[in-house]
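Trainee: Please see the structure below; I have some questions.
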Amino acid sequence: MFRYTAALALLLSLGFPSLALAADPTPQELLKRYDEVMSPRTFDGLMVMIAHRQDDTTRTYKFRALKSEDDKIRTWFFEPAAAKGQEMLRVEDNMWVYMPNLKRALRLASRESFQGGDFNNGDVLRVNYVADYNVKLSPSEDDKLWLLDLTAKSKEASYDRIKLWMTKDDRQPKKAEYYAASGKLLRSAQFDDVKDFHGLRRPSHIVMRNELATKRFSEMNTLDMKLNIDIPAQKFVLDDLGR
Amino acid sequence: MSLRTSFQICLVLLLSLRVVVAHAQESLDDLDSSKKGDNSSKKVSAEVNGYVDNRIQYAHINPNVSLVPTNNQPSITEILEGNIQLKINIGSKAFVYSDVSLIYQNGWLFYDKDGSGGRTRIDEHDVPTLRPTIIPSELYVSVSPKPWLNILLGKKRIIWGSGFAFNPTDLINPPKDPTDPNFQRAGQWVARIELPFEKFTISTLFAPQVLYQQNGLPFAIMKYPDYQLADGTKPADDSYHYLFAARLYMLLFNTDINLFYFFSNKYADSFENTSRFGISLSRYFFTDYELHIESLFQMGSGKNYPSHACISEGICNPQTVFSPSKLSDGNIYPRILVGGRTQFRDESTLSVEYYYQADGYSSLEFEDYLRLLSRAQMAGLTTLGQTGSANGAIPQRFTFDPLRRHYLILSYNKPKIRDDFSIGATLIAGLADLSGTFSPTFSWNAQEWLTLSLFGFIPIRGIPVGTVNVGGTDYSEYSLIPMDFRFLFEARAYY
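Chains as they are written, first to last, in the working numbering: chain L, 1 to 243; chain H, 244 to 738.
Here it is as structure tokens:
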């Protein structure tokens with residue numbers, strides 16, 4: 001058996017050198033993998049965001065997120081009571097929030113804060129890095145991680161530049177840094193606690209630190225996520241908000 | 244059972260419901276099963292939330308600065324509101340929704356002119372608008388037999404336009420208070436059919452006007468009864484009062500586009516069998532700047548105008564002294580709102596809106612209006628010139644009912660000045676005379692479920708530009724507000 005395996009390895013290394021190189025993914029493949037892990041084609045997810053504030057107290061937001069095949073996302077908030085009934089919708093470059101106390105929807109910007117926490121709306125509602133960013137591979141100080149350097153393709157992207165580290169073994173996001181056009185570090189994220197959600201392995205816990213107010217940070221926990229959901233297109237229509 | 248007893252029972256019910264709904268859902272299956280009830284075959288389920296709110300307000304009434312009577316305006320007002328928002332899902336295609344408030348309110352400390360430039364306290368007395376009441380802001384059934392078809396019947400607030408503080412195309416709902424978003428809840432009784440598609444939506448609605456109501460529930464709709472009410476109120480006319488509206492919404496080039504058509508007959512104004520058209524647009528530019536336009540086009544105006552002949556020559560016909568005299572003058576009177584909104588890096592939000600209404604009063608018409616108010620006051624007529632909450636709506640602090648032509652509305656809000664503290668301010672400025680109102684706000688989210696707020700309301704009337712002199716006194720539009728300032732403390736607990 002050992003003789004057979006050694007012969008196969010020799011054959012591969014001599015006769016097919018390109019196959020050995022193919023084991024290294026391209027930066028585009030890694031970015032595609034990030035999108036597949038963090039924002040699957042369709043999903044129905046239950047999330048909890050815990051915002052930690054300057055005074056060491058927390059605020060907890062629980063919401064359901066539904067994503068359709070054509071990259072539209074809608075969320076419903078259940079907690080806290082003051083936010084219950086709020087909904088958010090993204091269709092292409094457009095975002096709205098439905099405010100139950102106003103009985104109407106208002107437009108939102110991608111870079112505005114998500115429920116006053118340290119994620120912005122784009123972090124939650126617009127995870128389509130392949131569409132939004134150019135990517136190249138950079139040298140990583142940690143040999144277990146790939147380092148991707150992302151630059152925004154357009155002003156619609158949530159950040160001007162992102163440094164994204166992904167694990168080499170199972171190609172999961174590990175950490176990220178988010179920069180303004182000036183080069184100023186705005187936020188940093190840590191991805192951990194990889195779990196299996198109905199066949200999809202992905203980090204269930206993200207910590208987003210606000211680097212401008214260093215005592216503040218927010219956690220995003222994925223409690224549940226179902227994939228390959230069939231959702232009517234009308235769920236992603238502005239007039240369906242509040243219904 | 245008295246209304247107060249009913250109110251107390253409902254408060255207890257609200258608090259007990261909080262216990263029922265407060266259970267954790269840790270998976271989508273938990274969530275779905277809790278929505279369907281314990282027995283998953285059961286098709287009816289309920290969701291409940293709401294709040295208990297207490298507002299206490301002090302207004303420094305100044306009867307001498309205004310031509311509007313103050314004898315029914317209390318200095319101290321207390322409003323206690325229990326709100327319940329109940330959604331009953333009937334299967335997956337229909338639900339019944341109610342947003343109902345029980346309101347206990349009262350007012351004290353009334354003042355009137357003392358005849359020598361000061362004010363004098365008058366006796367406490369009954370003011371009908373300060374009685375306890377029940378307000379169903381929304382109460383409707385919604386059915387979606389197909390994903391592309393929604394049928395709605397009942398009372399609902401339907402806002403189509405893109406204006407932030409004010410919507411000139413909103414002919415359906417009671418007017419709102421631009422200085423306080425929380426007071427913009429009440430809708431109108433409608434029957435609506437909506438066809439939502441992926442790229443566009445078609446909506447049509449029919450709104451019969453509520454002519455008489457008791458505790459938020461109508462008892463005369465669309466046509467006055469033939470008889471007079473027990474309190475002596477006589478039917479105003481024998482017309483049908485209704486509004487038909489159609490709207491096409493499209494999301495094109497990342498822009499919300501709405502086209503409106505309205506046909507109304509004596510619905511909230513004097514227009515009879517009249518068509519009006521509207522348009523609204525909203526889009527983000529340069530990633531962070533939302534811009535919007537909302538416009539209504541109408542031939543003639545439903546506003547009431549003072550009779551110049553009556554004011555200047557004393558030839559007064561009671562039917563035309565203050566009447567919609569431009570109703571059918573053949574001119575087009577557009578109402579246009581243009582505005583923008585942005586959020587800064589510190590998460591503060593600024594909204595700027597300019598509003599133009601072509602049928603607003605000219606300087607001469609405003610002067611006539613003031614002279615008419617002055618005469619009405621001398622004659623003891625107390626209703627002319629008074630604005631306030633619409634019938635069937637939550638009591639408002641201020642109703643934006645612009646008299647003149649040019650307005651600027653600025654709103655600024657800065658959250659997290661220190662974690663749970665936020666500040667805000669709204670300025671409404673009449674550009675014809677640079678008068679206005681300034682409404683600062685300070686809020687503290689003391690708990691996730693509790694918000695404490697302090698609101699101010701200060702009329703700005705001191706800038707002597709474009710004012711109109713009547714009887715030796717300079718008046719501006721917002722000098723008609725008969726108070727020097729007002730403060731309101733609000734505690735709102737959500738459940």
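C-beta: ideal position from N, C-alpha, C; glycine also.
Just so it is clear, the structure is predicted and the values come from calculations on it, not from any experiment.
If we count Cβ pairs, one from each stretch, closer than 8 angstroms, do we get three or more for the stretch 185-193 of chain L versus the stretch 162-177 of chain L?
Mentor: Cβ pair count under 8 angstroms is three or more, so yes.
Trainee: Excluding five sequence neighbours on each side, which residues of the same chain lie with their C-beta closer than 7 angstroms to the C-beta of residue 463 of chain H?
Mentor: Cβ within range, chain order: 454 and 455.
Trainee: Where does the unbroken alpha helix (DSSP H) through residue 30 of chain L begin, and where does it stop?
Mentor: 27-38 is the span of the alpha helix (DSSP H), which, as asked, contains residue 30 of chain L.
Trainee: Does DSSP put residue 61 of chain L in a helix, in a strand, or in coil?
Mentor: Reduced to three states, the DSSP call for residue 61 of chain L is strand.
Trainee: What does the alpha-carbon distance come out to for the pair residue 275 of chain H and residue 442 of chain H?
Mentor: Their backbone Cα atoms lie some 29 angstroms apart in a straight line.
Trainee: Is the CB-CB distance between residue 646 of chain H and residue 44 of chain L below 9 angstroms?
Mentor: Cβ atoms of residue 646 of chain H and residue 44 of chain L: not closer than 9 angstroms.
Trainee: Do we get a CB-CB distance below 9 angstroms when we pair residue 610 of chain H with the residues of chain L?
Mentor: So, not an interface residue.
Trainee: If you drop the 5 nearest sequence neighbours on each side, which residues of the same chain put their C-beta closer than 6 angstroms to that of residue 225 of chain L?
Mentor: Excluding residues within five positions, the ones whose Cβ falls inside 6 angstroms are 43, 45 and 197.
Trainee: When Cβ atoms are compared, which residues of the stretch 647-660 of chain H fall closer than 8 angstroms to chain L?
Mentor: Listed by position along the chain: 658 and 659.
Trainee: Could you work out which residue in H:612, H:599 and H:518 is closest to residue 414 of chain H when comparing CA atoms only?
Mentor: Comparing Cα positions, the closest option is H:518.
Trainee: Taking buried to mean at least 16 other C-beta atoms within 10 Å of its own C-beta, is residue 622 of chain H buried or exposed?
Mentor: Label assigned to residue 622 of chain H: exposed.
Trainee: Expressed to the nearest angstrom, what Euclidean distance is found between the alpha-carbon atoms of residue 290 of chain H and residue 328 of chain H?
Mentor: When rounded, the distance between both Cα atoms is 8 angstroms.
Trainee: From this set, L:121, L:69 and L:185, which residue's C-alpha is nearest residue 211 of chain L's C-alpha?
Mentor: The candidate whose alpha carbon is nearest that of residue 211 of chain L is L:185.
Trainee: Is residue 585 of chain H close to chain L, meaning its C-beta is less than 9 angstroms from at least one C-beta of that chain?
Mentor: Yes, contact with chain L.
Trainee: 9 angstroms is my cut-off, CB to CB: does residue 57 of chain L come that close to chain H?
Mentor: By this cut-off, residue 57 of chain L is an interface position.
Trainee: Any chance the stretch 387-394 of chain H sits against the stretch 432-449 of chain H, with 3 or more Cβ pairs inside 8 angstroms?
Mentor: A contact exists between the stretch 387-394 of chain H and the stretch 432-449 of chain H.
Trainee: For the stretch 102-114 of chain L, enumerate the residues whose C-beta is nearer than 8 angstroms to any C-beta of chain H, in chain order.
Mentor: Taking 8 angstroms as the Cβ-Cβ cut-off against chain H, the residues of the stretch 102-114 of chain L that qualify are 102, 103, 104, 106, 107, 109, 110, 111, 112 and 113.
Trainee: Rank H:366, H:373, H:340 and H:619 by C-alpha distance to the C-alpha of residue 380 of chain H and give the top, closest one.
Mentor: With distances taken between Cα atoms, residue 380 of chain H lies closest to H:340.
Trainee: Going straight from the alpha carbon of residue 632 of chain H to that of residue 643 of chain H, what length do you get?
Mentor: Here the model assigns residue 632 of chain H a pLDDT of 44, short of 50, so the residue's position is not dependable and the matter cannot be decided.
Trainee: If you run the structure through DSSP and keep just helix, strand and coil, what is residue 205 of chain L?
Mentor: Strand at residue 205 of chain L.
Trainee: Is the CB of residue 590 of chain H under 9 angstroms away from at least one CB in chain L?
Mentor: It does: the Cβ of residue 590 of chain H has a partner Cβ on chain L nearer than 9 angstroms.
Trainee: Taking the alpha helix (DSSP H) that residue 430 of chain H falls in, what are its first and last residues?
Mentor: Note, residue 430 of chain H: premise wrong, no alpha helix (DSSP H); not H, not E.
Trainee: What does the alpha-carbon distance come out to for the pair residue 292 of chain H and residue 60 of chain L?
Mentor: Approximately 17 angstroms between the Cα atoms of the pair.
Trainee: For the 8 angstroms Cβ check, are there 3 or more pairs between the stretch 317-328 of chain H and the stretch 292-301 of chain H?
Mentor: Result yes; three or more Cβ-Cβ pairs closer than 8 angstroms.
Trainee: Is it the case that the Cβ atoms of residue 673 of chain H and residue 720 of chain H are separated by a distance below 9 angstroms?
Mentor: Yes.
Trainee: Quick check on the DSSP output: the alpha helix (DSSP H) that includes residue 122 of chain L runs from which residue to which?
Mentor: Residues 121-125.
Trainee: Express the C-alpha separation of residue 307 of chain H and residue 530 of chain H in angstroms, rounding to a whole number.
Mentor: Rounded to the nearest angstrom, the two C-alpha atoms are 50 angstroms apart.
Trainee: In terms of residue numbering, what span does the alpha helix (DSSP H) encompassing residue 609 of chain H cover?
Mentor: It spans 606-621 - the alpha helix (DSSP H) in which residue 609 of chain H sits, taken as one unbroken run.
Trainee: Mapping the DSSP letters down to three states, classify residue 214 of chain L as helix, strand or coil.
Mentor: Note: residue 214 of chain L maps to coil in three-state DSSP.
Trainee: Does residue 380 of chain H come out as helix, strand or coil in the three-state DSSP assignment?
Mentor: Note: residue 380 of chain H maps to strand in three-state DSSP.
Trainee: Please classify residue 266 of chain H: is it buried, with 16 or more other beta-carbons within 10 angstroms of its beta-carbon, or exposed?
Mentor: Confidence at residue 266 of chain H is low in this model, with a pLDDT of 48, below 50, so its placement is unreliable and the value that follows should be read with caution. Label assigned to residue 266 of chain H: exposed.
Trainee: For the stretch 73-85 of chain L, enumerate the residues whose C-beta is nearer than 7 angstroms to any C-beta of chain H, in chain order.
Mentor: So the close ones are 80, 81, 82, 84 and 85.
Trainee: Are the beta-carbon atoms of residue 686 of chain H and residue 693 of chain H separated by less than 9 angstroms?
Mentor: The answer is no: Cβ separation not under 9 angstroms.
Trainee: Given this structure, state the Cα-to-Cα distance separating residue 668 of chain H from residue 590 of chain H, to the nearest angstrom.
Mentor: Looking at the two C-alpha atoms, the distance is approximately 15 angstroms.
Trainee: What are the residues of the stretch 174-193 of chain L that lie near chain H, defined by any Cβ-Cβ distance shorter than 8 angstroms?
Mentor: Residues: none.
Trainee: Identify, in the order they occur along the chain, each residue of the same chain with its Cβ nearer than 8 angstroms to the Cβ of residue 575 of chain H, setting aside the five sequence neighbours on each side.
Mentor: The residues are 540, 541, 542 and 601.
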